[in-house]
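What follows is a set of notes on a single structure, which appears directly below.
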Amino acid sequence: MQDVAPQLRGNLKSAVAETIALRILDGTYPPGTTLPTEVDLLADLGVSRTCLREALQTLVGKGLITSRPKHGTSVRPAVDWNYLDDQMLHWRRKVVPQHQILDELLSIRDLVEPEAAALSAEHASPQDLADLREALETMSSAAGGRTQATLDADVRFHRLLLAASGNALMSGLGACIENALRASIVVTSDPRITDPIALDQHRLVLEAVEAGDADRARAQMRKLIDMTRVLLQRARTLT
1 MQDVAPQLRG NLKSAVAETI ALRILDGTYP PGTTLPTEVD LLADLGVSRT CLREALQTLV
61 GKGLITSRPK HGTSVRPAVD WNYLDDQMLH WRRKVVPQHQ ILDELLSIRD LVEPEAAALS
121 AEHASPQDLA DLREALETMS SAAGGRTQAT LDADVRFHRL LLAASGNALM SGLGACIENA
181 LRASIVVTSD PRITDPIALD QHRLVLEAVE AGDADRARAQ MRKLIDMTRV LLQRARTLT
């Protein structure tokens, strides 16, 4: 029998990994329990043994499960899960209420981005500053409303700020921050709640970074995140 094309096999593996991950995240397979046997999972999911094993390895990499000889595959404690993994964030958004996800992501931003802005004020290179200025100008280019290009530029601005901090660990949180931004942007882009002052606040952050004023950069970024929090609260009143 001819093997499945690699791309299709990869897509199937991802689908199987997501199916099992969602069952773990929604409590169908709670922490500490043993997953159904391989035979049962194969019958349930209708995939090949190779596909299932590759999918399970994906979940091992996310910290969701562990496998031991003669003990089967069990769900690890929730404290061991890699919540900041990009795929994990995507999966959790399917089973956790949106407001909870947004609150969690905003809290991460609150912890990371003000310090990233302060460090950027101290360490940003001329190229970093030029890239940040370019992203801000793209954000400003929307005359009548936000476009995909301006939304992408907004995300890029924040990721560039993390990179400009000179801290590799902060820069490594870029995917998590991007998820937080894109999730909140979807909600706060509603014309009924959008705050045009937010763009000016981005500019104040950049001006502080350009001036090398760490304390001011930190404070301005906190104000920007607080503005997002207010917009999200406003959005909840409309739902």
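Residue 1 is where the sequence shown starts when you use UniProt numbering, and the numbers rise one by one after that.
The C-beta atom is built at its ideal place from N, Cα and C for all residues, glycine as well.
Every value quoted in this text rests on a predicted model; they were computed, and no experiment measured them.
Per DSSP, what kind of secondary structure is residue 205 in: helix, strand or coil? By one-based count along the sequence shown, residue 205 stands at place 205. Residue 205 falls in the helix class under three-state DSSP.
8 angstroms contact criterion, which residue 123 and residue 166 should meet: CB distance rounded: If you number the sequence shown from 1, residue 123 lands on position 123. If you number the sequence shown from 1, residue 166 lands on position 166. Residue 123 to residue 166, Cβ: 4 angstroms. Contact.
Residue 34 and residue 109 closer than 9 angstroms at C-beta: On the sequence shown, position 34 is the one that residue 34 refers to. On the sequence shown, position 109 is the one that residue 109 refers to. Cβ distance not < 9 angstroms, so residue 34 and residue 109 don't count as in contact.
Cβ of residue 164 within 9 angstroms of Cβ of residue 132? By 1-based counting over the sequence shown, the position of residue 164 is 164. By 1-based counting over the sequence shown, the position of residue 132 is 132. Against a cut-off of 9 angstroms, the Cβ pair of residue 132 and residue 164 comes out as a contact.
Would you call the stretch 84-104 and the stretch 39-56 in contact, with 3 or more CB pairs under 8 angstroms? no
Is residue 76 helix, strand or coil when you go by DSSP? Taking the sequence shown and counting its residues from 1, the one referred to as residue 76 is at position 76. Coil.
Which residues DSSP lists as bridging residue 67, in chain order: Reading the sequence shown from its first residue, position 67 is the one you call residue 67. Answer is 73, bridged to residue 67.
Same chain, Cβ closer than 7 angstroms to residue 157, neighbours up to 5 away in sequence not counted: As a position in the sequence shown, residue 157 is number 157, starting the count at 1. Hits under 7 angstroms: 132, 135, 136, 139 and 202.
Considering residue 85, what are the terminal residues of the alpha helix (DSSP H) in which it resides? In the sequence shown, counting from the first residue as 1, residue 85 sits at position 85. Looking at the DSSP string, residue 85 is not in any alpha helix (DSSP H), and its letter there is neither H nor E.
Buried or exposed (CB count within 10 angstroms, at least 16 for buried), residue 28: One-based indexing of the sequence shown puts residue 28 at position 28. It is exposed - the Cβ of residue 28 has fewer than 16 other Cβ atoms within 10 Å.
For a quick check, are the C-beta atoms of residue 67 and residue 84 less than 9 angstroms apart? Translated into positions along the sequence shown, residue 67 becomes position 67. Translated into positions along the sequence shown, residue 84 becomes position 84. Not a contact, by the Cβ cut-off of 9 angstroms.
What do you reckon, are the CB atoms on residue 161 and residue 120 nearer than 9 angstroms? Residue 161 sits at position 161 when you count from the first residue of the sequence shown. Residue 120 sits at position 120 when you count from the first residue of the sequence shown. Yes; because the gap between Cβ atoms is below 9 angstroms, this pair is in contact.
Can you tell me which of the three DSSP states residue 28 falls into? Counting from 1 along the sequence shown, the entry for residue 28 is found at position 28. Coil.
Buried or exposed by the 16-neighbour rule on C-beta atoms within 10 Å, applied to residue 26: Taking the first residue of the sequence shown as position 1, residue 26 is located at position 26. So residue 26 counts as exposed.
Can you tell me which of the three DSSP states residue 237 falls into? As a working mapping, residue 237 is identified with position 237 in the sequence shown. Residue 237 falls in the coil class under three-state DSSP.
With residue 140 as the anchor, note down where its alpha helix (DSSP H) starts and where it stops. Mapped onto the sequence shown, residue 140 falls at position 140. Residues 126-140.
Straight-line gap, residue 168 to residue 40 (C-alpha atoms, nearest Å): Residue 168 sits at position 168 when you count from the first residue of the sequence shown. Residue 40 sits at position 40 when you count from the first residue of the sequence shown. Cα to Cα, residue 168 sits roughly 43 angstroms from residue 40.
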